[in-house]
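Written below as structure tokens is the structure these notes are about.
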Amino acid sequence: MSDDRKNVVWEEKMMTRISAIVMVVLLIVLVLFMLTCDAMAYRVDGDLGDWGLNLSGDWNRVETWMPASATADWIVEDNIDCESHPKARPRGYCGIHIKGSGTSYSNYTEPKITWYGKTWYGVKKAFKNEQPSGRRRNDARTREVNDIEAMYFDTNETHVFFAFVTSIPPDDDKMGDLAIDLDNDKDTGSYGGYEYGIGLQGMYRGMVCRNPEWSGTIDFPYNIIPYRMVNGTITGRAAVKYVKLNVSDYECPNWAIEIGVPREAFGNPSTEQVSNLHITLSCGNDIIEIGEVSWDYEIPEFSNIAVPLVVSILLYYYYHRRKEEKELC
Numbered sequence: 226m227s228d229d230r231k232n233v234v235w236e237e238k239m240m241t242r243i244s245a246i247v248m249v250v251l252l253i254v255l256v257l258f259m260l261t262c263d264a265m266a267y268r269v270d271g272d273l274g275d276w277g278l279n280l281s282g283d284w285n286r287v288e289t290w291m292p293a294s295a296t297a298d299w300i301v302e303d304n305i306d307c308e309s310h311p312k313a314r315p316r317g318y319c320g321i322h323i324k325g326s327g328t329s330y331s332n333y334t335e336p337k338i339t340w341y342g343k344t345w346y347g348v349k350k351a352f353k354n355e356q357p358s359g360r361r362r363n364d365a366r367t368r369e370v371n372d373i374e375a376m377y378f379d380t381n382e383t384h385v386f387f388a389f390v391t392s393i394p395p396d397d398d399k400m401g402d403l404a405i406d407l408d409n410d411k412d413t414g415s416y417g418g419y420e421y422g423i424g425l426q427g428m429y430r431g432m433v434c435r436n437p438e439w440s441g442t443i444d445f446p447y448n449i450i451p452y453r454m455v456n457g458t459i460t461g462r463a464a465v466k467y468v469k470l471n472v473s474d475y476e477c478p479n480w481a482i483e484i485g486v487p488r489e490a491f492g493n494p495s496t497e498q499v500s501n502l503h504i505t506l507s508c509g510n511d512i513i514e515i516g517e518v519s520w521d522y523e524i525p526e527f528s529n530i531a532v533p534l535v536v537s538i539l540l541y542y543y544y545h546r547r548k549e550e551k552e553l554c
């Protein structure tokens, strides 16, 4: 074979090799992108395993409640906060009380709730109860039927996600709607600054509403807290999923609630935006809130994609270079 012919053959093989490399690179990038997107997403199916939670474990261990995402904001208020209220009754009805962001957390003091009643001698007086409150203060079960144990918040580029653990079943309308103070300003919105809400029960179930009016709680009205949306402008729909857990607490079954909403339903908040979350029951017996949650989200490091990409290209180049040298010889 002449030298000119060898050069032509070599150039054709080089073009073929370059084309093949480009195709391999594109395929690798596509696969990695798909895997990355999948890893960043939550599946709204009520299974909180994709949050990193293992609720079949010991509820007295922090690891049971800690999410996997570095950007998740969360709070746990299981049973009574006996650390802060050691005289609470019944004795032993205690649970973890912590709040955190990602894997960092700190102990949390759950405040008491206030109600007004008359003493045995007929004088009106303010009383304070540990949360969750029940009809009989010394009965754990009547407290547990009103318990919201935990709340979680996280976002990705396109959606925002919420999760709850509670003893309130899906057919019980005493579970309130999720109230969101989007701009972290109590002077905007109603009932303390809540410009948005997500309906969990009632006429707005599964709806996202802007500037809703709120009805308040009934048994603990002196808390002046929002309970149920009664009006508002619908800005989107929320995927809401209840799943019964294989866990009972003081003979009460527990439920996971998972919610997913497009960010555009809230006007596409920036990653720097911080908001406040609130939810309670119709009776006001238990309240759970997270202050200043962040709308930022995890972005995969470039090195996580670049390293396998470069290795794949080098291996491909080395293999085909050896093959070409054998053919020319």
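My numbering numbers the first residue of the sequence shown as 226 and each following residue consecutively.
The beta carbon of each residue, even a glycine, is placed where N, CA and C say it ideally should be.
Only a predicted model underlies this, so the values are computations on that prediction, with no experimental measurement involved.
{"Check": "Name, in chain order, the residues that DSSP records as bridge partners for Thr-339.", "Outcome": "Lys-353"}
{"Check": "Report the CB separation of Ile-321 from Val-287 in whole angstroms; it is logged as a contact under 8 Å.", "Outcome": "7 Å"}
{"Check": "Based on the DSSP secondary-structure assignment, which residues constitute the bridge partners of Asn-479?", "Outcome": "Asn-479 pairs with nothing; no bridge assigned."}
{"Check": "Would you mind sorting Arg-316 into buried or exposed? The rule is 16 or more other CB atoms within 10 Å of its CB.", "Outcome": "exposed"}
{"Check": "With H, G and I counted as helix, E and B as strand and the rest as coil, what does DSSP make of Arg-366?", "Outcome": "helix"}
{"Check": "In whole angstroms, what separates the C-alpha of Gly-418 from that of Tyr-475?", "Outcome": "36 Å"}
{"Check": "Is Ser-392 close to chain D? Criterion is C-beta to C-beta, closer than 8 Å.", "Outcome": "Going by chain labels, chain D is absent from the structure shown, which holds only one protein chain."}
{"Check": "Can you look up Phe-491 in the DSSP assignment and give me helix, strand or coil?", "Outcome": "helix"}
{"Check": "Does the Cβ of Ser-473 have 16 or more other Cβ atoms within 10 Å, making it buried, or fewer, making it exposed?", "Outcome": "exposed"}
{"Check": "From the DSSP output, which residues share a beta bridge with Arg-435?", "Outcome": "Tyr-421 and Thr-458"}
{"Check": "To the nearest angstrom, report how far apart Phe-378 and Tyr-522 are at their CA atoms.", "Outcome": "11 Å"}
{"Check": "For my contact list, Phe-352 and Leu-407 are in at a C-beta cut-off of 8 Å; report their separation, rounded to the angstrom.", "Outcome": "34 Å between Cβ atoms; not a contact."}
{"Check": "Exposed or buried, what is Met-432 when buried is set at 16 or more other beta-carbons lying within 10 Å of its beta-carbon?", "Outcome": "buried"}
{"Check": "Should the segment 453–460 be regarded as contacting the segment 358–376, the criterion being three or more beta carbon pairs within less than 8 Å?", "Outcome": "no"}
{"Check": "Can you check which of these residues, Ala-463, Gln-356, Tyr-416 and Gly-422, is closest to Glu-302 by C-alpha distance?", "Outcome": "Gln-356"}
{"Check": "Since Met-376 and Ile-300 should fall inside the 8 Å C-beta cutoff, what is the C-beta to C-beta distance between them, to a whole number of angstroms?", "Outcome": "6 Å"}
{"Check": "Which whole runs of the alpha helix (DSSP H) in the segment 363–415 are 4 residues long or more, in chain order?", "Outcome": "365–369"}
{"Check": "Using 10 angstroms around the beta-carbon of Thr-380, count the other beta-carbons present and answer buried if the total reaches 16, otherwise exposed.", "Outcome": "buried"}
{"Check": "In the DSSP assignment, find the beta strand (DSSP E) that holds Trp-299 and state where it starts and stops.", "Outcome": "298–302"}
{"Check": "State the DSSP-derived secondary structure class of Val-486, mapped to helix, strand or coil.", "Outcome": "strand"}
{"Check": "For the beta strand (DSSP E) that contains Glu-514, what are its first and last residues?", "Outcome": "512–519"}
{"Check": "Can you have a look at Ala-481 and say buried or exposed, based on whether 16 or more other CB atoms are within 10 angstroms of its CB?", "Outcome": "buried"}
{"Check": "Decide if His-310 is buried, meaning its Cβ has at least 16 other Cβ atoms within 10 Å, or exposed.", "Outcome": "buried"}
{"Check": "On the DSSP letters alone, give me the boundaries of the alpha helix (DSSP H) that Val-287 sits inside.", "Outcome": "287–290"}
{"Check": "Enumerate in chain order the residues of its own chain whose CB-to-CB distance from Asp-283 is below 8 Å, with the five nearest sequence positions on each side excluded.", "Outcome": "Thr-289"}
{"Check": "Using the beta-carbon count (16 or more within 10 Å), is Glu-517 buried or exposed?", "Outcome": "exposed"}
{"Check": "Strictly by DSSP, which residues pair up with Asn-501?", "Outcome": "Asp-406"}
{"Check": "Less than 8 Å between the CB atoms is what I'm expecting for Tyr-467 and Thr-505, so what's the real figure, rounded?", "Outcome": "Contact flag wrong, Cβ pair sits at about 18 Å."}
{"Check": "Work out the CA separation of Glu-369 and Ile-513 for me, nearest whole Å.", "Outcome": "14 Å"}
{"Check": "Let me know the secondary structure DSSP gives Leu-278 once reduced to three states.", "Outcome": "coil"}
{"Check": "State yes or no: is the C-beta of Arg-488 within less than 8 Å of the C-beta of Thr-334?", "Outcome": "no"}
{"Check": "Which partner residues of Ile-555 appear in the DSSP bridge assignment?", "Outcome": "Residue 555 falls outside the range modelled here, since the chain spans only 226 to 554, and no answer is possible."}
{"Check": "Just the Cα atoms here: how many angstroms apart are Leu-280 and Asp-412?", "Outcome": "38 Å"}
{"Check": "With which residues is Tyr-330 paired in a DSSP beta bridge?", "Outcome": "Gly-325"}
{"Check": "Could you give the distance in angstroms between the alpha-carbon of Asn-285 and the alpha-carbon of Gly-441?", "Outcome": "33 Å"}
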